[in-house]
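To start, the structure under review is shown below, and the notes come after it.
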Amino acid sequence: MRTCLFQSLFGIDFKNPVIAASGTFGFGEEFQDYYDVSLLGGFVTKAVTPEPRTGNPPPRIIETPSGMLNAIGLQNPGLTVFVESILPRIARLDTVIIVNVAGRTVADYMKVCSELDRHEAVRALEINISCPNVKQGGVAFGTSPQIASQLIEAVRTCTDKPIIAKLTPNVTDIAEIACAVEEKGADAVSLINTITGMVIDVETRQPMLANGTGGLSGPAIRPVAVRMVYQVARAVSVPVIGMGGIFCARDALEFIIAGASLVEVGCGMFVEPDLPLRVIDGIGSYCERHGVTTISDIIGSLTVPGG
211 MRTCLFQSLF
221 GIDFKNPVIA
231 ASGTFGFGEE
241 FQDYYDVSLL
251 GGFVTKAVTP
261 EPRTGNPPPR
271 IIETPSGMLN
281 AIGLQNPGLT
291 VFVESILPRI
301 ARLDTVIIVN
311 VAGRTVADYM
321 KVCSELDRHE
331 AVRALEINIS
341 CPNVKQGGVA
351 FGTSPQIASQ
361 LIEAVRTCTD
371 KPIIAKLTPN
381 VTDIAEIACA
391 VEEKGADAVS
401 LINTITGMVI
411 DVETRQPMLA
421 NGTGGLSGPA
431 IRPVAVRMVY
441 QVARAVSVPV
451 IGMGGIFCAR
461 DALEFIIAGA
471 SLVEVGCGMF
481 VEPDLPLRVI
491 DGIGSYCERH
501 GVTTISDIIG
511 SLTVPGG
């Protein structure tokens, strides 16, 4: 028996439920020397802002006992370079291309979305309202239901492409944020972005990151992410994309059983560049072992005793 991993969500066909997460996969080209990226369900590009950004000063990455702390600061070449130089090259890749969109103001987000709406190769837009490492924009939009929904409502007027709102875990009630953006036109939500953290050099008594704080990713945050995916999937009708510390197929299956229709693999690729392919194979093997004929049959299949 062969399990069907294909899914059609918000008007897009995905070969399988595994996509590479923004900020860990560059613009897709960087991984072509490691494997055929067309085998992925899709990938999310690095954040694109209206203007080029150099990001935060180094050091910007610190390894922790169970993950990574980063404060890159949305470094990217800017909208013009992306559209004129990078997009024509990656458009040839036979997989779903989702562009992560960021900005300092609502107008910034609208500018990027309006331009990308004209390009067929861009299949969907992931609206980054959750980056903790920039002083303007990012998480500033994602911690208030009112502000988050206003931003999604604004970008909805700029594009007919599917909009995915990327949510921050650094809030009291993430389901409330998810419901607010769904009401204003988000076609899906992705979660979680990183959790704000700090590592201190006890000899110098200074933060290890030049930015002071950074975003924690990796296995340490997975239980938090799975719990939030479970809560959000029960609160919204749109598809949920889960991420946070996926290092193997079993990790990805936790998210899917909790309610995620797709999963994003992030910092695990720094350890094993072709990790997404192993996750795809592992999900297929699990489904075959459990007599699952289509991946949709196990999405949200979690049973909670007494729940």
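Be aware that the sequence shown starts at 211, since it is given in our numbering, and climbs by one per residue.
Cβ atoms here follow ideal geometry from the backbone N, Cα and C, with glycine treated the same way.
Predicted model only: the values in this text are computed from it and were never measured.
At what residues does the beta strand (DSSP E) containing residue i begin and finish?
{"i": "K321", "result": "Premise fails: K321 lies in the alpha helix (DSSP H), 316 to 326, not in any beta strand (DSSP E)."}
{"i": "V473", "result": "472 to 475"}
{"i": "Q285", "result": "Counting along the chain, Q285 falls outside any beta strand (DSSP E), and DSSP gives it neither H nor E."}
{"i": "D507", "result": "It is not in any beta strand (DSSP E) - D507 carries neither H nor E in the DSSP assignment."}
{"i": "E336", "result": "334 to 338"}
{"i": "F235", "result": "Element bounds for F235: n/a, residue is neither H nor E."}
{"i": "A398", "result": "398 to 401"}
{"i": "V293", "result": "Element bounds for V293: n/a, residue is neither H nor E."}
{"i": "F224", "result": "222 to 224"}
{"i": "N280", "result": "277 to 280"}
{"i": "L426", "result": "424 to 427"}
{"i": "T274", "result": "271 to 274"}
{"i": "A375", "result": "373 to 376"}
{"i": "N310", "result": "306 to 311"}
Judging by CA-CA distance, which residue of the options is the nearest neighbour of residue i?
{"i": "R460", "options": "G425, E325, G347, R432", "result": "R432"}
{"i": "D327", "options": "A257, V344, R488, V365", "result": "V365"}
{"i": "R299", "options": "T382, L401, A331, D246", "result": "A331"}
{"i": "K394", "options": "N286, E363, D411, I505", "result": "E363"}
{"i": "R302", "options": "P483, C458, E239, N380", "result": "E239"}
{"i": "P483", "options": "A230, I222, C214", "result": "A230"}
{"i": "F465", "options": "V436, A420, Y319, V489", "result": "V436"}
{"i": "G348", "options": "S324, V316, L335", "result": "V316"}
{"i": "G288", "options": "Y440, D304, N310, K371", "result": "N310"}
{"i": "L377", "options": "Q360, S447, I337", "result": "I337"}
{"i": "S214", "options": "V254, G516, I490, P515", "result": "Residue 214 is actually Cys in this sequence, not Ser. Nearest C-alpha to C214: I490."}
{"i": "D223", "options": "V434, K345, G252", "result": "G252"}
{"i": "C389", "options": "T406, V412, G352", "result": "G352"}
Residue i: buried (16+ other C-beta within 10 angstroms of its C-beta) or exposed?
{"i": "P268", "result": "exposed"}
{"i": "R263", "result": "buried"}
{"i": "S427", "result": "buried"}
{"i": "T513", "result": "exposed"}
{"i": "K256", "result": "buried"}
{"i": "N304", "result": "Position check: residue 304 holds Asp in this sequence, whereas Asn was assumed. With fewer than 16 Cβ atoms within 10 Å of its Cβ, D304 is classed as exposed."}
{"i": "I410", "result": "exposed"}
{"i": "D397", "result": "buried"}
{"i": "R415", "result": "exposed"}
{"i": "R499", "result": "exposed"}
So, with DSSP's three-state summary, where would you put residue i?
{"i": "R366", "result": "helix"}
{"i": "Q416", "result": "strand"}
{"i": "R263", "result": "strand"}
{"i": "V409", "result": "coil"}
{"i": "Q360", "result": "helix"}
{"i": "C214", "result": "strand"}
{"i": "E516", "result": "Just to set this straight, residue 516 is Gly in the shown sequence, not Glu. In this structure, G516 counts as coil in the three-state DSSP scheme."}
{"i": "L250", "result": "coil"}
{"i": "A445", "result": "helix"}
{"i": "A435", "result": "helix"}
Tell me the residue span of the alpha helix (DSSP H) that contains residue i.
{"i": "G346", "result": "According to the sequence provided, residue 346 is Gln. The question's Gly does not apply to it. Unbroken run through Q346: none, as it is neither H nor E."}
{"i": "L297", "result": "297 to 300"}
{"i": "S495", "result": "485 to 499"}
{"i": "D461", "result": "459 to 468"}
{"i": "E392", "result": "384 to 393"}
{"i": "G478", "result": "478 to 481"}
Would residue i pass as an interface residue toward chain B - the criterion being a Cβ-Cβ separation below 9 Å?
{"i": "R366", "result": "Absent from the structure is chain B; it holds one protein chain and no more."}
At a cut-off of 8 Å, would you count residue i as near the ligand MN, judging by its Cβ distance to the nearest heavy atom?
{"i": "D461", "result": "Of ligands this structure carries none, so the ligand MN is not represented either."}
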